[in-house]
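Novice:
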Amino acid sequence: MKLVLDENSTFVDVGCHVGEVMDQALKLSPNGHHFAYEPIPSLYNDLKFKYKNICEVRNVALSDYSGESDFHHVLSNPAYSGIKKRAYPKNEKIKKIKIKTSTLDIELLNEKRVDLLKIDVEGGEYGVLKGSEKVIEKFHPVIIFEHGLGASDYYNTNSEDIFIFFENIRYEIFTLKGFLKKSLPLLKDQFNNLYYKNEEYYFLAMIKV
Numbered sequence: 001m002k003l004v005l006d007e008n009s010t011f012v013d014v015g016c017h018v019g020e021v022m023d024q025a026l027k028l029s030p031n032g033h034h035f036a037y038e039p040i041p042s043l044y045n046d047l048k049f050k051y052k053n054i055c056e057v058r059n060v061a062l063s064d065y066s067g068e069s070d071f072h073h074v075l076s077n078p079a080y081s082g083i084k085k086r087a088y089p090k091n092e093k094i095k096k097i098k099i100k101t102s103t104l105d106i107e108l109l110n111e112k113r114v115d116l117l118k119i120d121v122e123g124g125e126y127g128v129l130k131g132s133e134k135v136i137e138k139f140h141p142v143i144i145f146e147h148g149l150g151a152s153d154y155y156n157t158n159s160e161d162i163f164i165f166f167e168n169i170r171y172e173i174f175t176l177k178g179f180l181k182k183s184l185p186l187l188k189d190q191f192n193n194l195y196y197k198n199e200e201y202y203f204l205a206m207i208k209v
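For the sequence shown, counting from 1, position 17 maps to 17 in my numbering; every step adds exactly one.
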């Protein structure tokens with residue numbers, strides 16, 4: 001994050017959870033305008049209190065459509081929660097709730113800048129990206145995203161969908177370690193192999209330079 005953010009940067013946290021990543025962004029960009037998206041009501045309320053007058057916290061699930069949706073709140077392990085119910089490592093206690101949905105293009109297109117976008121939505125990242133195309137085209141943010149087999153497939157998407165999406169907007173994909181080491185971007189076959197072998201879950205995408 002230090003390589004991307006300055007003291008005035010705008011950070012967008014999609015799937016903020018308890019704010020571990022937002023905390024880092026606030027330290028690096030104390031003068032920035034930041035946005036946290038968290039659909040789980042209890043976590044949203046905690047974030048509103050934690051970040052009062054510091055960043056905008058919105059009780060919305062981001063996707064590629066605006067409206068309302070069922071949401072599977074995993075009470076026993078909230079980090080697994082998502083719009084789609086998926087397989088979990090063990091038996092979990094789940095409560096189905098109704099949540100509001102929106103797109104980043106609706107939410108942030110009129111902002112002055114978006115420098116870093118983090119997406120961690122338990123498999124729904126392709127929908128978030130599709131709903132962010134205008135924002136990405138306008139601001140060219142660096143994008144950190146989670147993507148893994150066992151989650152995205154419940155949304156009927158896979159690594160090829162993600163790769164083609166970024167390829168079409170002239171973005172390149174790196175592993176986080178690869179980006180820090182200034183390695184070459186991943187080729188499609190490399191990205192697919194990491195996905196299907198479950199060898200990496202977190203990636204970084206940025207516009208070709």
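Note that CB positions come from ideal geometry on N, CA and C, so glycine has one too. Computed from a predicted model, the values in this text were never measured in an experiment.
(1) If you run the structure through DSSP and keep just helix, strand and coil, what is Y275?
(2) Applying the criterion that 16 or more other CB atoms from any shown protein chain within 10 Å of the CB defines a buried residue, is F49 buried or exposed?
(3) Taking D6 as part of the alpha helix (DSSP H), name the residues at either end of that continuous run.
(4) Do you know whose CA, among L204, N198, E68, K197, lies nearest S183's CA?
(5) Is the separation between the beta-carbon of Y155 and that of K84 shorter than 8 Å?
(6) Would you decide whether I164 is buried or exposed? Buried here means 16 or more other CB atoms lie within 10 Å of its CB.
(7) Which runs of the beta strand (DSSP E) fall wholly inside the segment 90 to 117 and span at least 3 residues, in chain order?
(8) Return the CA-CA distance between M206 and I169, expressed in angstroms with no decimal places.
(9) Just the Cα atoms here: how many angstroms apart are F145 and D115?
Specialist: So, to answer that:
(1) Outside the modelled stretch of the chain, which goes from 1 to 209, sits residue 275, for which no answer is possible.
(2) exposed
(3) Taken as a continuous stretch (DSSP letters only), D6 belongs to no alpha helix (DSSP H), as it is neither H nor E.
(4) L204
(5) yes
(6) Counting of Cβ neighbours within 10 angstroms places I164 among the exposed residues, the total staying below 16.
(7) 94 to 102
(8) 10 Å
(9) Spanning the two alpha carbons is a distance of roughly 14 Å.
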